[in-house]
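Quick notes on the structure that follows.
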Amino acid sequence: MAEAYRISGVGRLDEAQPVGFTFDGKSYGGSAGDTLASALLANGVHLVGRSFKYHRPRGIVSAGAEEPNALVGLHRDAARKTPNVRATVQELYNGLAAVSQNRWPSLGFDVGAVNDLASPLFPAGFYYKTFMWPKSAWTSLYEPRIRAAAGLGVAPDKPDPDRYSARYAHCEVLVVGGGAAGIAAALAAAQSGVRVILADEQAQPGGAMRFERGAVIDGQAGWDWTQEAVARLARMDNVRLLTRTTAFGYYAQNFVALAERVSDHLAEPGDLPRERLWQVRAKKVVLATGAIERHMVFDGNDRPGVMLASAARTYLNHYGVAVGRHVGVYTANDSAYAAAIDLKRAGVGIAAIVDWRDNPRGGVVEEARALGIEVLHGRGVATTGGRRRIASMTVVPKAGGGGRVVPVDALLMSSGWTPSLHLFSQSRGKVAFDAVGQRFLPGTYAQDCICVGAGNGTDDLATSLREAFAAGEKAAREAGGDGGDKVSRPRVEASESWAGGMLGAGPGAGSGTTVKAFVDYQNDVTAKDIRLAVKEGMHSIEHVKRFTTTGMATDQGKTSNLHGLAIAADALKKEIPEVGLTTFRAPYTPVTFGAMVNHARGPLFEPTRQTAMHGWHEDHGAVFEDVGQWKRPWYYPRPGEDMRAAVARECRTVRAAAGIFDASTLGKIEVVGPDAVRFMELLYTNPWAKLAPGRCRYGVMLREDGFLYDDGVVGRLAEDRFHVTTTTGGAPRVLHHMEDYLQTEFPHLDVWLTSTTEQWAVIAVQGPKAREIVAPLVEGIDLTDEAMPHMSVREGTICGVPARLFRMSFTGERGYEINVPADYGEAVWEAVWAEGEKHGACAYGTETMHVLRAEKGFIIVGQDTDGTVTPDDAGLGWATGKKKSDFVGIRGLKRPDLVASGRKQLVGLKTKDPQTVLEEGAQIVADPDEPVPMRMLGHVTSSYWSENCSRSIALALVADGRDRMGETLYVPMPDRTIAVEVTATVFFDEKGERVHG
Numbered sequence: 000m001a002e003a004y005r006i007s008g009v010g011r012l013d014e015a016q017p018v019g020f021t022f023d024g025k026s027y028g029g030s031a032g033d034t035l036a037s038a039l040l041a042n043g044v045h046l047v048g049r050s051f052k053y054h055r056p057r058g059i060v061s062a063g064a065e066e067p068n069a070l071v072g073l074h075r076d077a078a079r080k081t082p083n084v085r086a087t088v089q090e091l092y093n094g095l096a097a098v099s100q101n102r103w104p105s106l107g108f109d110v111g112a113v114n115d116l117a118s119p120l121f122p123a124g125f126y127y128k129t130f131m132w133p134k135s136a137w138t139s140l141y142e143p144r145i146r147a148a149a150g151l152g153v154a155p156d157k158p159d160p161d162r163y164s165a166r167y168a169h170c171e172v173l174v175v176g177g178g179a180a181g182i183a184a185a186l187a188a189a190q191s192g193v194r195v196i197l198a199d200e201q202a203q204p205g206g207a208m209r210f211e212r213g214a215v216i217d218g219q220a221g222w223d224w225t226q227e228a229v230a231r232l233a234r235m236d237n238v239r240l241l242t243r244t245t246a247f248g249y250y251a252q253n254f255v256a257l258a259e260r261v262s263d264h265l266a267e268p269g270d271l272p273r274e275r276l277w278q279v280r281a282k283k284v285v286l287a288t289g290a291i292e293r294h295m296v297f298d299g300n301d302r303p304g305v306m307l308a309s310a311a312r313t314y315l316n317h318y319g320v321a322v323g324r325h326v327g328v329y330t331a332n333d334s335a336y337a338a339a340i341d342l343k344r345a346g347v348g349i350a351a352i353v354d355w356r357d358n359p360r361g362g363v364v365e366e367a368r369a370l371g372i373e374v375l376h377g378r379g380v381a382t383t384g385g386r387r388r389i390a391s392m393t394v395v396p397k398a399g400g401g402g403r404v405v406p407v408d409a410l411l412m413s414s415g416w417t418p419s420l421h422l423f424s425q426s427r428g429k430v431a432f433d434a435v436g437q438r439f440l441p442g443t444y445a446q447d448c449i450c451v452g453a454g455n456g457t458d459d460l461a462t463s464l465r466e467a468f469a470a471g472e473k474a475a476r477e478a479g480g481d482g483g484d485k486v487s488r489p490r491v492e493a494s495e496s497w498a499g500g501m502l503g504a505g506p507g508a509g510s511g512t513t514v515k516a517f518v519d520y521q522n523d524v525t526a527k528d529i530r531l532a533v534k535e536g537m538h539s540i541e542h543v544k545r546f547t548t549t550g551m552a553t554d555q556g557k558t559s560n561l562h563g564l565a566i567a568a569d570a571l572k573k574e575i576p577e578v579g580l581t582t583f584r585a586p587y588t589p590v591t592f593g594a595m596v597n598h599a600r601g602p603l604f605e606p607t608r609q610t611a612m613h614g615w616h617e618d619h620g621a622v623f624e625d626v627g628q629w630k631r632p633w634y635y636p637r638p639g640e641d642m643r644a645a646v647a648r649e650c651r652t653v654r655a656a657a658g659i660f661d662a663s664t665l666g667k668i669e670v671v672g673p674d675a676v677r678f679m680e681l682l683y684t685n686p687w688a689k690l691a692p693g694r695c696r697y698g699v700m701l702r703e704d705g706f707l708y709d710d711g712v713v714g715r716l717a718e719d720r721f722h723v724t725t726t727t728g729g730a731p732r733v734l735h736h737m738e739d740y741l742q743t744e745f746p747h748l749d750v751w752l753t754s755t756t757e758q759w760a761v762i763a764v765q766g767p768k769a770r771e772i773v774a775p776l777v778e779g780i781d782l783t784d785e786a787m788p789h790m791s792v793r794e795g796t797i798c799g800v801p802a803r804l805f806r807m808s809f810t811g812e813r814g815y816e817i818n819v820p821a822d823y824g825e826a827v828w829e830a831v832w833a834e835g836e837k838h839g840a841c842a843y844g845t846e847t848m849h850v851l852r853a854e855k856g857f858i859i860v861g862q863d864t865d866g867t868v869t870p871d872d873a874g875l876g877w878a879t880g881k882k883k884s885d886f887v888g889i890r891g892l893k894r895p896d897l898v899a900s901g902r903k904q905l906v907g908l909k910t911k912d913p914q915t916v917l918e919e920g921a922q923i924v925a926d927p928d929e930p931v932p933m934r935m936l937g938h939v940t941s942s943y944w945s946e947n948c949s950r951s952i953a954l955a956l957v958a959d960g961r962d963r964m965g966e967t968l969y970v971p972m973p974d975r976t977i978a979v980e981v982t983a984t985v986f987f988d989e990k991g992e993r994v995h996g
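Counting in numbering that gives the first Met the number 0, the sequence shown runs from 0 upward without gaps.
See below:
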């Protein structure tokens, strides 16, 4: 099919570079530089999809990221199927295959269109009042059908084979938006020599200059000036120019996320990533995000062929495409006149310009009349005719009276321009309502940014460029720029008017009507839906939004929000600011999961961390388990051993001789500074002031609510230095917890926190012969019990390597933990192993560690606690300093419910049958015959077979557990009920004598 609507010699594309593509299996032709939307329009294709709720025919509305209708699927191959791609943004490439969405069996004949006829059954909010009866039908009927109907496109069902990239960047000035204002700001900032990033979502920056023909800057046409200025920026070493890049999120401390489309426009991407995620930290941010044209609200405003005036002008002046042969215009704004004039000059018939305003004046109005275009002022479009494409518009006077049917094959509309405040709002800035312009503008700034141009409500081009240039200069100067070579401020010699506008519904869609005058195209929300929400009692725009779903689609109401506000305000008889404004949330436009996830999938889903001794463990047959991100030896089976046999052997060996354990994964944090002890006093329940250097103490950390957060042994190395250990999985969160309090609650303390988890390899030697194994390797440390008692730390050398040696135990046996720089970890391990073999020691894994610590009643935070356990609940009340007046969680501990009777407390359990091992997580009851629902007293937290006790052992959280010693409770299981006896938590060496040797 020839490009019947392509006008030769018009636009900026190279018609000598044809591009072939398909839409719904039919072949079409386009030109290099086309978007899918412009190519379809060039071929006379207006019907591109079906609406979400009513399955009404829908066409192309815009020419940019605000597009609500033209969402298509792109199919590169069986694995590369991307739904909900905006045809107005997708660049054309040879072989592109696009399909329409939300229709069956075809776009032209969609069975779902019956919903349009049944629309009275689906008013706004109907889903809040239906699908409630019968109850059993929800899971079998309602939910499956609702889920099947949800959404527009079809999600891909195969793994994504594409590659994605990520970059971090820092700059002094980030300019978002590559229109004339953004370019002016970037030029001004770049002249000072500071690092500047200019990001724009289009393939070619230029903004409104893509369609404006009346702008003249520095003696050049507006578009030519932008291209020359961008080329100049590209040649500057301190400027990074990012095209096809959308700033989608503005976060704290001037952190802005950008999504760059790297190869979506290429037929053969090769080795290029599909997208790149930029995470930019800027000292100053200039938001030149422009304004978005609003549609008019009237009956039938969604028919294919009805579009924004600026879109039609873009398709003509940039792509050389006429959107129709006989075009109508419906406007309340001067800018739409320019679209009619450009089309008329290109040979396109203009049926009439319908202007809502009573007496529009100005150069564009007179020029339109001079060209013979009929201008119908003080009138509105009440409805349209046609089905798969608009065929007519019915024009009526505002004051009432008979209508006139005007044949058209396209209808352009403009109710004015809305400043794009999405990123400003995401930055937590507060907007202010402009009563004169009937729009929201940037108000109070929360971050170091500035809005310029149309995004700041500045409609005049000359004023926009002046304020943008000044903003760029100021941002660079305040970011440390030196002035550099002065660039002259752009001089605007001619521009166009964007004056005028209206909000809300037009004639035929006012109060009391039931016509389908669409406010939100993507979610099929009409003016009557918003009025119904108000009638149902929704008086806040946030409630109206959720009741009707206006503004909740992927376009976030870019064209519809102000209309919805105005209609709700009119129904409530309030001013717009009284109704409120909905919240703009990231992302500004949809971002693929691939861009966000990036490399973090498959084996790279999260980092795999290995200790310095990992290779040794592999060579010696270790079976590994994942603990956090670490690969830890689980057990070391010998030939013929299963897991139970291997663990039993390891447990016996540790208690009889010794065991060697890789404890490198424990979190390690260095707390250093003059106020280190004061900081420790505040972060832990224990007292630290009297702990002498060279001694250790078991520390308990709480959340603000008084519940256990983490634990670990802390060694005091000097008056101003602590070596803090945490649980393996808790290391990152504990450091964050510490930093959070240091920066926000205790900033007056002179303390530094440093994570050293990966700097130290830790080798634990546990068992009666531990000292004999360690002694030959240690230099400069006296290992006698008198010189180095239990819970001590010393610094010296081991195998000639600087080391920190802790005497501590998580098994209840004499124990030492050797800390050496990770680079020497494997060499020292091998030396320890060689000594250990002489004494009959074994290497043991995490499962044996769990059994041995459970035999001694030592808890693991996160396993024997559940986020609601206090130190007293866990039997650690002794670790809370009774004389301490303050620490994190002290007030939480005093809450009545945390000291009341009936709380779950940690206890031991012994099954009546010693051979029965309980399941962790199993519930515990007092009376297994109690009728359902029976009262649950608690649950099993840890359960093992203990070879050293020759029986099963378990720990559990049980209500009033310590008062139930000796009591028989029950653990109901699917196949039987297990009787258990409540005991103390220590099952082995109850007096604790073995730890001292």
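Beta carbons: idealized from backbone N, C-alpha and C, even for Gly. Since the model is a prediction, treat every value here as computed from it, not as a measurement.
Using only the alpha-carbon positions, how far apart do residue i and residue j sit?
i              : j              : result
isoleucine 952 : alanine 148    : 52 Å
alanine 62     : proline 143    : 36 Å
glycine 471    : leucine 342    : 36 Å
glycine 400    : valine 296     : 19 Å
isoleucine 291 : asparagine 455 : 12 Å
asparagine 358 : arginine 231   : 44 Å
methionine 392 : valine 407     : 7 Å
glycine 880    : glycine 698    : 11 Å
aspartate 912  : glutamate 846  : 23 Å
Which of the three DSSP states is assigned to residue i in this structure?
i                 : result
tyrosine 587      : coil
serine 30         : strand
tryptophan 416    : strand
asparagine 522    : coil
tyrosine 127      : helix
tyrosine 823      : helix
histidine 616     : helix
phenylalanine 678 : helix
Sorted by chain position, which residues of the same chain lie with C-beta nearer than 7 Å to residue i's C-beta, five sequence neighbours on each side aside?
i            : result
methionine 0 : With a pLDDT of 47 at methionine 0, under the threshold of 50, the modelled position of that residue is not reliable, and no figure is offered here.
arginine 530 : Ser510, Ile566 and Ala570
alanine 892  : Residue identity check: residue 892 is leucine in the sequence provided, not alanine. The answer, listed in chain order, is Gly705 and Thr869.
Between the options, which lies nearest to residue i when the distance is taken from Cα to Cα?
i             : options                           : result
glutamate 90  : Val761, Gly32 and Gly48           : Gly32
cysteine 841  : Leu701, Arg231 and Gly620         : Gly620
alanine 220   : Ala179, Ala185, Gly728 and Val238 : Ala179
leucine 411   : Gly348, Ile772, Ala281 and Asn93  : Gly348
aspartate 354 : Ala321, Gly346 and Val395         : Val395
glutamate 703 : Tyr740, Gly693 and Lys689         : Tyr740
glutamate 834 : Glu66, Arg651 and Gly658          : Gly658
threonine 976 : Pro927, Ser941, Thr984 and Met933 : Pro927
threonine 796 : Ala188, Leu422, Ile780 and Ser808 : Ile780
threonine 591 : Arg209, Gly991 and Thr245         : Thr245
leucine 422   : Leu173, Gln203 and Ser463         : Leu173
Among the residues of its own chain, which have a CB less than 8 Å from the CB of residue i, if the five just before and after it don't count?
i             : result
histidine 938 : Gly920, Ala921, Gln922, Ile923, Ala955 and Leu956
alanine 493   : Gly213, Ala214 and Val215
Who are the Cβ neighbours of residue i in its own chain at under 6 Å, not counting the five residues just before and after it?
i             : result
alanine 38    : Gly29 and Leu91
aspartate 710 : Val699 and Val860
Start-end ranges of the alpha helix (DSSP H) lying completely within the stretch 741-797, minimum 4 residues: 769-773
Every unbroken beta strand (DSSP E) within the stretch 806-870, with a cutoff of 3 residues, ordered by chain: As for any beta strand (DSSP E) of minimum length 3 sitting wholly inside the stretch 806-870, the runs are 814-820, ordered along the chain.
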